[in-house]
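Enquirer: From first to last, the protein sequence lines stand for chains W and B.
Numbering of the first sequence is given in this note's numbering, commencing with residue 12 and proceeding in unit increments.
Numbering of the second sequence is given in this note's numbering, commencing with residue 12 and proceeding in unit increments.
Note that beta-carbon positions come from the ideal geometry of N, C-alpha and C, so glycine has one too.
Number of protein chains: 2
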Amino acid sequence: MQKEHNLSKNQKIIFDLIDKSGGPMKAYSILFNVQKKGIKAPLQVYRALDKLVEIGKIHKIESRNAFIACQNSSCQVSKATAFSICENCENVSEISNLKLSKYLSNFSDNSGMKYSKYNLEFFGLCKKCKSK
Amino acid sequence: MQKEHNLSKNQKIIFDLIDKSGGPMKAYSILFNVQKKGIKAPLQVYRALDKLVEIGKIHKIESRNAFIACQNSSCQVSKATAFSICENCENVSEISNLKLSKYLSNFSDNSGMKYSKYNLEFFGLCKKCKSK
DNA sequence: TAACAGTATGTAATAATATAACATTTATAA
DNA sequence: TTATAAATGTTATATTATTACATACTGTTA
Ligand SMILES: [Zn+2]
Ligand SMILES: [Zn+2]
Ligand SMILES: [Zn+2]
Ligand SMILES: [Zn+2]
Numbered sequence: 012m013q014k015e016h017n018l019s020k021n022q023k024i025i026f027d028l029i030d031k032s033g034g035p036m037k038a039y040s041i042l043f044n045v046q047k048k049g050i051k052a053p054l055q056v057y058r059a060l061d062k063l064v065e066i067g068k069i070h071k072i073e074s075r076n077a078f079i080a081c082q083n084s085s086c087q088v089s090k091a092t093a094f095s096i097c098e099n100c101e102n103v104s105e106i107s108n109l110k111l112s113k114y115l116s117n118f119s120d121n122s123g124m125k126y127s128k129y130n131l132e133f134f135g136l137c138k139k140c141k142s143k
Numbered sequence: 012m013q014k015e016h017n018l019s020k021n022q023k024i025i026f027d028l029i030d031k032s033g034g035p036m037k038a039y040s041i042l043f044n045v046q047k048k049g050i051k052a053p054l055q056v057y058r059a060l061d062k063l064v065e066i067g068k069i070h071k072i073e074s075r076n077a078f079i080a081c082q083n084s085s086c087q088v089s090k091a092t093a094f095s096i097c098e099n100c101e102n103v104s105e106i107s108n109l110k111l112s113k114y115l116s117n118f119s120d121n122s123g124m125k126y127s128k129y130n131l132e133f134f135g136l137c138k139k140c141k142s143k
């Protein structure tokens, strides 16, 4: 069960928009879409995004500068994330694979570094785009 | 052995700078550093960076919008990359671990997607920063 | 309730990152 | 040589993100 965070007004507006979109959204596209709700400035968007990432309700797709609603029930923070990204249609899915996440969370090498977080992005062609 | 690409003038200037720096560099920091060599505009930098990424001489650290020289002898293209990033000192190393790269290159799930490329970024504290 | 701390908001300005469009030049190869 | 691809030069502009400062809200505790 995901901890219930009481989202603030702006956080809720922005989370709902991203969640309903079903895919990744970019900050200025979000801004455009919430202007009718009174959110007028980039900073208002980025602040809400920062908080939503922090509590794991959304994740940032780094290679796309975009934000997607968490598709796992278990992400309380954005600290172990994996995505598949179609390079043709830009469809993005969060990968939820216990073996993969265990493998990566336990990964260590001889660098002496203690890893506390990772982000993995796979690229390729999705089913639809492959068959064209 | 890495295929010998005959880098163009701008590509060589920019690769040498990044390589000698020993760490990740940002595009506009690169621009500042090569202005004395006649490279005056952002686009000249970005074009060289694009090409260098394409042939695997450098990789982009997506979470940092920065570029680092390939530290493996084997990357002919930037299509299977893994990095460790210290969140304190921002030191970045390319991870070269055969088991990890095999595991990820062979990864597949039931999404029907064919993965042809991945990028993995680990975060944590490096040896030095941990012991402070 | 009053005082406080922490979180969130509003607003303007600006910084940092990246690309579009167009003209010209250089390298490679048929 | 002629054609083609790759690289360069230049200006302008688009996109992404943060700084700085003022104000308001929310929950806790004296
Ligand atoms: Zn998630
Ligand atoms: Zn697709
Ligand atoms: Zn490499
Ligand atoms: Zn460090």
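Measure from the C-beta of F133 (chain B) to each C-beta in chain W and report whether the shortest distance is under 8 Å.
Expert: Closer than 8 Å to some Cβ of chain W, the Cβ of F133 (chain B) qualifies, so yes.
Enquirer: Can you tell which of W:N117, W:L63 and W:F133 has its C-alpha closest to the C-alpha of I79 (chain W)?
Expert: That would be W:L63, whose Cα lies nearest to the Cα of I79 (chain W).
Enquirer: Using beta carbons (cut-off 8 Å, strictly below), is E73 (chain W) in contact with chain B?
Expert: True, the Cβ-Cβ gap to chain B drops below 8 Å.
Enquirer: Measuring only between beta-carbons, confirm whether G123 (chain W) sits less than 8 Å from chain B.
Expert: Judged by the 8 Å Cβ criterion, G123 (chain W) is in contact with chain B.
Enquirer: Could you tell me whether the Cβ of Y39 (chain W) comes closer than 8 Å to any Cβ of chain B?
Expert: Judged by the 8 Å Cβ criterion, Y39 (chain W) is not in contact with chain B.
Enquirer: Unbroken beta strand (DSSP E) runs of length 3 or more, entirely within the segment 12-76 of chain W: which are they?
Expert: The qualifying runs are 69-72.
Enquirer: Check whether the Cβ of G33 (chain W) lies closer than 7 Å to any heavy atom of ligand 3, and answer yes or no.
Expert: No, Cβ of G33 (chain W) sits at least 7 Å from all heavy atoms of ligand 3.
Enquirer: For a cutoff of 8 Å on Cβ pairs, would you count L136 (chain W) as touching chain B?
Expert: Chain B, which has a Cβ nearer than 8 Å to the Cβ of L136 (chain W), makes this yes.
Enquirer: Do the segment 84-91 of chain B and the segment 75-94 of chain W touch if we need at least three Cβ pairs shorter than 8 Å?
Expert: With a cut-off of 8 Å, the segment 75-94 of chain W and the segment 84-91 of chain B do not count as touching, because too few Cβ pairs lie within range.
Enquirer: Using a Cβ-Cβ cutoff of 9 Å, what residues of the segment 20-38 of chain B are near chain W? List them in chain order.
Expert: Listed in sequence order: no entries.
Enquirer: At a cut-off of 7 Å, is H16 (chain B) close to ligand 3 when judged by its beta-carbon and the heavy atoms of the ligand?
Expert: False, no ligand heavy atom lies under 7 Å from that Cβ.
Enquirer: By Cβ distance below 8 Å, which residues in the same chain neighbour F26 (chain W) in space, the five residues on each side in sequence not counted?
Expert: The answer, listed in chain order, is L18, A59, L63, K68, I69 and A80.
Enquirer: Tell me L136 (chain W)'s beta-bridge partners as DSSP assigns them.
Expert: DSSP lists B:K125 as partners of L136 (chain W).
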